[in-house]
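Asker: Take this structure, written in structure tokens, and hold onto it; I'll ask about it next.
Protein chains in written order, with the working numbering: chain A, 1 to 164; chain B, 1001 to 1164; chain C, 2001 to 2164; chain D, 3001 to 3164; chain E, 4001 to 4164; chain F, 5001 to 5164.
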């Protein structure tokens, strides 16, 4: 993802400017929702991988994990579609020229996660969503940092850097 | 909310201990979902307050904002119920002895937000949810900090303190 | 569950008092919804137990029953959360001092029912929900009786005693 | 509704026969769900009627009540459709020859309740649903009685007569 | 299905008459929604039939297809219920005297599709839905034709004949 | 929308090629679902425009129509997102190079329809969705024609041209 240069992002940019990007009748956009769902997809793949037998009880577990996995992969699509389709306009596309491609990639990757139970596929979805989050916070003028999420599957997540 | 003393929370506690609190077949719990919904309730109350006339178009807007407000107040209840009902067990209640009361207060407050279009009522819901988040992160051994959320309604939110 | 003493519940108490417990802007609360869902959880466990082979058709059935079981276990949580979170206030808690604990137990038990396909676990959920129903009708001043529900899984259910 | 004669319904008929009406892979059918929703429609109409002013707060309340009313009118349709479409077969139609017409009437009446805020319309929906419940319990060989429901709107509801 | 005679349906009948069948406060009725869902049921049965192994990945796929199949069988019921329950009135029943029976058959057949993974059962559902569509367009005074749908499962579908 | 040249689309292209565009594990894509929802948005705007008074009954109607309008505008987004995000890949983008922009425009226009009760805005949504349908059928190698939909709001809709 090639961002246009944006100098001088400090810890937190004042809100006045950031909120100006947002039409009065907007909702609240936060990529955290998509990120948490992407993490859940990975978690479910891990739980599926940990099933050992093939008893009815094991198959019942599998059904639950697959259903959860698929719902959360869908939720990733929904949350990203909302931000992209409702909030991304000319001003945002100037800062993130490849947003369309990235969003479409996320859709395709989330579909792959629905069709598969492969960990690498799920991690790649999270990475794309993190990339999206990075761009999103850039449009808001908010710097980001990467940290391990404080619960399983303990993967790297992009967070906004906010002042204490 | 009176926490039992917990010494020495540093920036980030190692995961090994935190994830041990979590049964293998658990989902992913993150109070961010409830916090974002509580913020949305405030936002909708603000948008309702900004409606000036009483034309059909204004009434149509009101319908939309009220519907959104009520859905998100409900979502607060759902997300809190999930964490409290699925994840909070003996170990968590030892750290947060008044969890039942707090959760019940959140339910009542979210109902109030559904019955009203009053800003103070909505802000109080966010404060209760923040209090819940504080307790939640305590059970995970993760320190927290408070920052203004980087979008409208620009209210104070409790975030986990994670290492870069 | 230890109820405070309540003398003189007759067949049906007049409504005037009972409806006074209920704020004007309330919905309609009836534990029957949670009880029917708890019965459905048991029923689905029974149907799962009756699957004999491991053909694709059998696995497809399993998927359906597990999905139904899990949805109804969730519905139990939702219905109980609604009554407890919307209707239970000071007046109700005076009559049912251990309501918080019971509700939390139901949440945990419903989760267990989602993780398992064990009949005893499902029956225990129904028993907790029946206990909740008993308390609920007590707050309404309506006596209860126990009868076998008139359809499979033909388990004991607590019903309100109403005048013909 | 004209039932074919059915002699000798006693307090409760044994289950063996009743459950035989029900294919092994059936769910649990209980008209209580439709009845509670029909009661809620009436309740919402009452709450709408109690709104006095036309302030934004009043309009917000109206939105909530209308949304609730319409959702529950829809729920009536769904619950009745499930019982009629899944459970009613040749054996049931022999006992309730006019079931098709009654079900269709309920659909039309529930639609009317969605288009109106008229109490008589809502009460008529409940009466049709009670009539349906009566027929349903007849197919199960379970006698019924009519009682005032123990919460607002305190209308007459048909219940199954079960042994203590 | 025995239609009453209706002479002289031409390519497209003028709207004035057709829309007169429709109460002002009606929604938009189109059997295409039910037809697409019926096609999806067949498609899912085909995909289930194409699963070759019994690995965890195969079982995960099965879970997804079964869930999709069952949701779409349910959607068939919902869409048909809407048209029949909201739009079919005296004028429509005069043209399609056996509408009740056909709708009930569709409900039963859709249930069968939920209980089975049999292709013939799914195709029969589509045929019944096509029959319903034929009757629906008759009530609208719109002629129909049958064509293979332009995507898998490439089955015969009844479409309205519209002027270019 | 500038399509790359595609010679020789006849009435119906054989399926073999069209279905090859579609991965085995795909669902069924049909823009009819989005088109019907876009028509419903227009219909609701028409019904809103026909409300004459400002009584409680009128406001209740308004609430219903606005809720329906908003749900269907959302459904347009969902259906288009599904086709674009699941089915559109390299082969499709070659035929419809501006698909990203068109899809994003539909998202923005559907949002506008949620914020407004303006007929022209709703008609423009339908036109964009028709444009999308045209492109979709092009990727399938199926010719299209435009006809007035056979029910209110009687607007022009793009349909696939299928052989009798």
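Positions of the beta carbon are idealized from the N, C-alpha and C atoms, including for glycine.
#1: Beta carbon of residue 142 (chain A): closer than 8 Å to some heavy atom of the ligand NAD?
#2: Output the distance between the C-alpha atoms of residue 53 (chain A) and residue 136 (chain A), rounded to the nearest integer angstrom.
#3: Take the Cβ of residue 24 (chain A) as the centre, count every other Cβ of all protein chains shown within 10 Å, and call the residue buried at 16 or more, exposed below.
#4: I want to verify the contact list: residues of chain D whose CB lies under 7 Å from the CB of residue 5073 (chain F), in sequence order.
#5: For the alpha helix (DSSP H) that residue 2159 (chain C) lies in, which residues bound it at each end?
#6: Checking contacts by CB at 9 Å: is residue 3091 (chain D) closer than that to chain B?
#7: Hey, how far is the Cα of residue 3033 (chain D) from the Cα of residue 3063 (chain D)?
#8: Where DSSP assigns a beta bridge to residue 121 (chain A), which residues make up the other side?
#9: Less than 9 Å between the C-beta atoms of residue 3059 (chain D) and residue 1059 (chain B), yes or no?
#10: Is any beta-carbon of chain B found at less than 9 Å from that of residue 3139 (chain D)?
#11: Would you check if the stretch 5037 to 5056 of chain F and the stretch 5109 to 5126 of chain F touch, i.e. whether three or more CB-CB distances between them fall below 8 Å?
#12: For residue 2087 (chain C), which three-state DSSP category applies?
#13: Could you pull the start and end residues of the alpha helix (DSSP H) that residue 5065 (chain F) belongs to?
#14: Considering just the uninterrupted stretch of the beta strand (DSSP E) at residue 147 (chain A), what are its terminal residues?
#15: From residue 128 (chain A) to residue 3112 (chain D), what distance separates their C-alpha atoms?
#16: Just tell me which of E:4088, E:4084, E:4115 has its CA closest to the CA of residue 2057 (chain C).
#17: Would you say residue 4125 (chain E) reaches chain F, if we count a Cβ-Cβ gap shorter than 9 Å as a contact?
#18: In the DSSP assignment, find the unbroken alpha helix (DSSP H) run with residue 101 (chain A) in it and report its ends.
#19: Can you list, in chain order, the residues of its chain with a C-beta nearer than 6 Å to that of residue 5079 (chain F)? Leave out the 5 residues immediately preceding and following it.
#20: Using a Cβ-Cβ cut-off of 9 Å, state whether residue 5050 (chain F) counts as contacting chain D.
#21: Suppose you measure from the CA of residue 2142 (chain C) to the CA of residue 5107 (chain F); what does that come to, to the nearest Å?
#22: Comparing C-alpha positions only, which one of F:5061, F:5095, F:5125, F:5140 sits nearest to residue 4150 (chain E)?
#23: What does residue 3045 (chain D) reach in chain B if we use C-beta pairs closer than 8 Å?
#24: Kindly list, in the order they appear in chain E, the residues whose Cβ is closer than 7 Å to that of residue 2059 (chain C).
#25: Kindly give me the distance between the Cβ atoms of residue 2155 (chain C) and residue 2125 (chain C), rounded to whole angstroms, as I take these residues to be in contact under 8 Å.
#26: When the distance is taken between beta carbons, is residue 3101 (chain D) closer than 9 Å to residue 4104 (chain E)?
#27: Below 9 Å between beta carbons: does that hold for residue 2110 (chain C) and residue 2076 (chain C)?
#28: Can you give me the Cβ contacts of residue 2152 (chain C) inside the same chain, cut-off strictly under 8 Å, excluding the 5 residues immediately before and after it?
#29: Helix, strand or coil: how does DSSP classify residue 4164 (chain E) here?
#30: Strictly under 9 Å for the Cβ-Cβ distance: is residue 5122 (chain F) near chain E by that measure?
#31: Nearest CA to the CA of residue 4092 (chain E): which residue from E:4133, E:4038, E:4158?
#32: DSSP on residue 49 (chain A), reduced to helix/strand/coil?
#33: When the Cα of residue 1028 (chain B) is compared with those of A:131, A:72, A:29, which residue comes out closest?
#34: Comparing C-alpha positions only, which one of B:1030, B:1158, B:1131 sits nearest to residue 1082 (chain B)?
#35: Just checking: is the beta-carbon of residue 5148 (chain F) within a distance shorter than 9 Å of some beta-carbon in chain E?
Answerer: Looking at the coordinates:
#1: In the structure shown, the ligand NAD is absent, as is every other ligand, since no ligand is present at all.
#2: 43 Å
#3: Reliability fails at residue 24 (chain A), whose pLDDT of 37 lies under 50, so the model's placement of it is uncertain and the value that follows must be treated cautiously. So residue 24 (chain A) counts as exposed.
#4: Chain D residues near residue 5073 (chain F): none, gap ~17 Å exceeds 7 Å.
#5: Looking at the DSSP string, residue 2159 (chain C) is not in any alpha helix (DSSP H); the run it does join, the beta strand (DSSP E), is 2156 to 2160.
#6: no
#7: 24 Å
#8: BP columns for residue 121 (chain A) are empty, so no partner.
#9: yes
#10: no
#11: yes
#12: helix
#13: 5056 to 5082
#14: 144 to 148
#15: 49 Å
#16: E:4115
#17: no
#18: 99 to 115
#19: 5033, 5034
#20: no
#21: 53 Å
#22: F:5140
#23: In chain order: nothing, as chain B lies at least about 18 Å away.
#24: 4059, 4062
#25: Not confirmed; about 11 Å, so no contact.
#26: no
#27: yes
#28: 2043, 2046
#29: coil
#30: no
#31: E:4133
#32: helix
#33: A:72
#34: B:1030
#35: yes
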